[in-house]
Amino acid sequence: MVPISLNPRELRESDGIQKVCEKIAAEEENVAKHLESLLSRQCHLEAKLRSVTKALPNLEIVRSDAQQLSEMIAHTSKLAENVSAKVRKLDDARSRVSECQQRVHDLLDLQLCSEGVKLALQEEDYEKGAAHVHRFLSMDQTLLRQTADDVHQDCTAVTNSFTLLHKAAERLQVEVTARFDEAVKADDLASVERFFKIFPLLGLQDQGLSKFSVFLCSKLQETAQKNLKAALDTRAADKRASVIYADTLTLLFEGIARIIEIHQPLIESYYGPGRLLTVVSALQEECDRQSKLILNEFRKHRQLDTALALIADWLRSVSSSTIGTNVGSATTAQQSRTDPKNLDLLLGELTIMHARAEIYVRFIKRRVQNDVEVGVPGESSRELLMNKLEAMFRASGLCHSMQALLGNYLQLEHYFMSESVRKAVALDQLEDNLQIQQTTSMVDDVFFIVRKCIRRAISSSSLDGVCAVLNNACSLLEADYCSVLRAQLRQGYMSGYLDLTQAYNAIQSSLQQGRLQASDSEKARLTFLAYLNNADVSTEYIATLRLSLGDEMTAAVPSMTERDKAKLESCLSGLGGVSASLRALVEYGMSQLSASAIKPRVSPWVDAFLNVSHVLTEEEFSAYEANEPFVRNLVANLVSLLSSFKPSLTPTNYDTLVSILATEVTHQMEKVIAKSTYNRLGGLVLDKEVRVLVGYLTNATSWSIRDKFARLTQIATVLNLEKASEITDYWSNEPGAIAWRLTSAEVRHFMALRTDFRIEDIKRIKF
């Protein structure tokens, strides 16, 4: 408890004494409560003390048991230390006995090897003799001499055995090498493999691999020269004559693959993992020599260098002529150059060569990688061998030749694509009746050529080649093909007839009378529509081409990395730019068509609205509602206009035309509605006319164009009100309410057209 502090000054006064007394009383009360709390715990504390008292004898027993356990553990530990010391001594003794036994066995084996080598050489059993020599070479000769001294054996016998075995090893090396060379000259494959297996037993792994590689290369050279001679003797009428050099190169690659397939297990079994790379390097050097011979003959007989020289001249002059201008002079100039048709087979053979080389390289890498990963220990060792393989291919003549061949292919493909497209444009044809064919012939021809060239590039299995051809195709389509369409659409649509139905009737009449050519204006209208369709169909072709190319490239080159895929996607995005240019052409053509064929016709049709009064009596309302002269005539004219264009336009272009027509009709209707006056019945008539017009135009297209009529429908709603104050029932700014396209000022303006609405009532409306 905290003692009470007393201030002497407080005890001198009665008030101070009273305060001190109160403090003492409060403290007494606290002390009493504390004592009461302690006394209430007395029973509990006494029970605890009794339980502790009862546990004291048990604690003494536990202390005694713990002491006994400690003494037992100490004794056991001492025994374990003594036993482990004896075990260590026994283990050392066992190791020494085992080492001694091994030395004795080596001494015995040494004697057996020396005797066995003699007998094997006498019987020309080279495998057995090589096995004895291999066992001898695996022994520690210094240790054997020391062992002979330790067991008091005559060291002279051991030295004689060493001398005999060394001489036997040298003799076997000479004999095996000579027999191997004889087997190679005799073309005895069984004997070649027999002595090839003996080299590693004599410690001649490198020499054995080197000699065996030379033998395999000689067989490869012999086969390759036979195949090349057969290719040179092939007649032009042979079915494979157009790809005979690609077939010859393929046979070379297949020969190497077959050699590796057959001899890889033999090399791994007798020479160990990681040795396949030595043989592959030798075979690749021979492949470089033989592939160079094949490609030289290919260039000579296919006249590749001549074609490249002509194309080089074409590339220098191509900037002076474009596809969309002076087609006649371009065609004349083309006659002095190589016909692109003559390059078709050559391009196909080039892609086959490159694709087969890519397959061959992937096969070799996969084989060596499997050999290294399975048997070579150590990550660094495996990485070093794979780096050697990559360096070998980078420096190989085959890869350099394929890169040069790919560059030649890209030049030829560029020429083939450009000249073929130029020819397709020059030979463009237009049917006199667009109901038979909505586009001209060049659309299908151009995209057939482009797709063919890109697919041919994909068949080469070269991502760089595919990207180069894709870039050329995008440049050709966007710069040249689109310029042809743009030049034609710029001439505009000549509206000489009221509609196309009359134009077609005139064409059919002229054909029946023997005049096979339509007039210039009719031809111009048909050409404009056909080229407008060309642009629309081309966008669909581009979209289809882009979707299919990604899957085709993934199937052709399954080993593409994420970086390769990103590169391909970047090139494919160029087709998106072409598609954007084509859509811009469609929009431009549609604006031309609208200016020539839509606006001039819609304006007088809609202006007829002003000739009809919309301030009606009951009798006039009934008569007007029965006849509906304005809206019936307007719809009839629109039907005639759209029906004349529908068979001549693609579905997308037709829907675009309907959308443009809807926009123009609503725009013109707003103008004429604002120039007239209405009463309640006139507003009813207007509302019905708008509904009929909207219903026809929305049903005329597969697109959703109802949004274009929002303002017109709201104008009809305003003019159809029974009272001016009803507008507040429609106008609402609450969430979820219909959004008004008309401003409050425009609503007041159209309400003022009602003759039965007072201006004061309109002004009092609060929006």
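Note that numbering that gives the first Met the number 0 has the sequence shown beginning at 0, numbered continuously upward. Quick reminder that beta carbons are idealized off the backbone N, C-alpha and C, glycines included.
C-beta contact flag for residue i and residue j at 8 Å
i	j	result
F362	A245	no
F446	Q487	no
L171	C216	no
Q437	T651	no
T676	L752	yes
L405	V556	no
A167	G202	no
G588	L531	yes
V367	L265	no
R381	E372	yes
L345	R301	yes
R582	T538	yes
S580	C481	yes
G207	F214	no
I541	L567	no
Q764	A723	Residue identity check: residue 764 is Ile in the sequence provided, not Gln. Yes; because the gap between Cβ atoms is below 8 Å, this pair is in contact.
S419	L475	no
E663	K598	yes
V746	A699	no
A306	L248	no
A308	L200	no
Whole-Å CB distance - residue i paired with residue j, under 8 Å assumed
i	j	result
I457	V449	Not really, about 13 Å apart at Cβ, beyond 8 Å.
N719	L683	6 Å
A240	Q289	Not quite, the Cβ-Cβ distance comes to about 21 Å (not below 8 Å), so this is no contact.
V585	V442	With 8 Å as the limit, V585 and V442 do not qualify as a contact, their Cβ atoms being about 13 Å apart.
D654	S701	6 Å
I761	I714	Contact flag wrong, Cβ pair sits at about 15 Å.
V424	V483	6 Å
R455	T350	5 Å
S212	T277	7 Å
N-terminal and C-terminal residue of the alpha helix (DSSP H) that residue i is part of
i	result
F527	D519 to A555
V634	P628 to F644
V746	S743 to M750
I363	D343 to G374
D706	That residue, D706, is in no alpha helix (DSSP H); it is neither H nor E in DSSP.
T727	I726 to Y729
Y587	E561 to L592
D232	Premise fails: D232 is in no alpha helix (DSSP H) and is neither H nor E.
Y270	I243 to Y270
A486	C481 to R489
H413	G396 to A425
P650	P650 to A673
P599	K598 to D606
I23	S13 to S39
A185	No alpha helix (DSSP H) holds A185; DSSP gives it neither H nor E.
I758	I758 to R763
M441	S440 to S458
N698	R679 to N698
W739	Counting along the chain, W739 falls outside any alpha helix (DSSP H), and DSSP gives it neither H nor E.
Same chain only: Cβ atoms within 8 Å of residue i, ignoring 5 sequence neighbours per side
i	result
E296	L227, A230, L231 and Y244
H151	For H151, the pLDDT reaches just 48, beneath the cut-off of 50, and the residue's location in the model is therefore unreliable, leaving the point undetermined.
D237	I243
R710	T665, E669, R740 and L741
V691	E627, V630 and V634
6 Å Cβ shell around residue i - same chain, five flanking residues per side excluded
i	result
R631	none
C398	F392
S190	A182
Y695	V634
L510	Because the pLDDT of L510 is 44, which lies under 50, any placement of that residue in the model is unreliable, and the question is left without a value.
L592	Y492
Short CB-CB distance (under 8 Å) between residue i and chain B
i	result
L685	The structure shown has no chain B; it contains just one protein chain.
Cut-off 7 Å between Cβ atoms - residues of its own chain near residue i, not counting five sequence neighbours on either side
i	result
V614	T676, Y677, N678, G681 and T754
Q667	V601, S602 and V605
A505	Bear in mind that a pLDDT of 45 at A505, under 50, signals an unreliable position, so the model cannot answer this.
D427	T439, S440 and M441
The ligand NAD heavy atom lying under 7 Å from the CB of residue i
i	result
W702	No copy of the ligand NAD appears in this structure; indeed no ligand is present at all.
The stretch 463–480 touching the stretch 404–419, judged by at least three CB pairs closer than 8 Å
yes
Measuring CB atoms only, is the stretch 363–382 touching the stretch 253–272, in the sense that at least three cross pairs come out at less than 8 Å?
yes
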